[in-house]
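Data first, discussion second: the structure below is written as structure tokens.
Numbering (our numbering), first residue to last: 5 to 149.
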């Protein structure tokens, strides 16, 4: 087996073997980055008001979809039944609340006009109403003039 040495092209000078090769000065092995640290710039600078608060940026929302046309007419009887049900529910609710309030305050409603309402009772009611007006300081018309 025969070993061949690589051929050296003639235009490159051959360095003498006894002189050590001069290398570039080695850097500090612990130096990783630049000596000064700079803050990474933000993608976009925030717009601020004169007082330093961030400015509002309007959000673009998708336009409202076009309402689709109704597919049919309104059934008057069905609507009347439905609204009548709401009305009955509201009436029953008011009646229940009145009963609950009367139960909590232990009062029962008395009718204002009964057969036993005599002239004397009417006179007493008139005096009470007059006292109520005097206690409140008069009527609204008097207060505004």
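Ideal Cβ placement from N, Cα and C applies to all residues, glycine included.
task = Note down the Cα distance separating residue 82 from residue 96, rounded to an integer number of angstroms.
result = Rounded to whole angstroms, the separation of the alpha carbons of residue 96 and residue 82 is 21 angstroms.
ask   = From which residue to which residue does the alpha helix (DSSP H) around residue 64 run?
value = For residue 64, there is no enclosing alpha helix (DSSP H), as DSSP marks it with neither H nor E.
task = Look up residue 52 in the DSSP assignment and say whether it is helix, strand or coil.
result = If DSSP states are grouped into helix, strand and coil, residue 52 belongs with the strands.
request  = Using 10 angstroms around the beta-carbon of residue 149, count the other beta-carbons present and answer buried if the total reaches 16, otherwise exposed.
outcome  = Note on residue 149: pLDDT 49, under 50, position unreliable in the model; no value is reported.
inquiry  = Pop quiz: residue 63 and residue 51 are said to be a contact at Cβ under 8 angstroms. What is the actual Cβ separation, rounded to whole angstroms?
reply    = Contact flag wrong, Cβ pair sits at about 15 angstroms.
key: Residue range of the unbroken alpha helix (DSSP H) whose run includes residue 74   = Per DSSP, residue 74 belongs to no alpha helix (DSSP H) and is neither H nor E.
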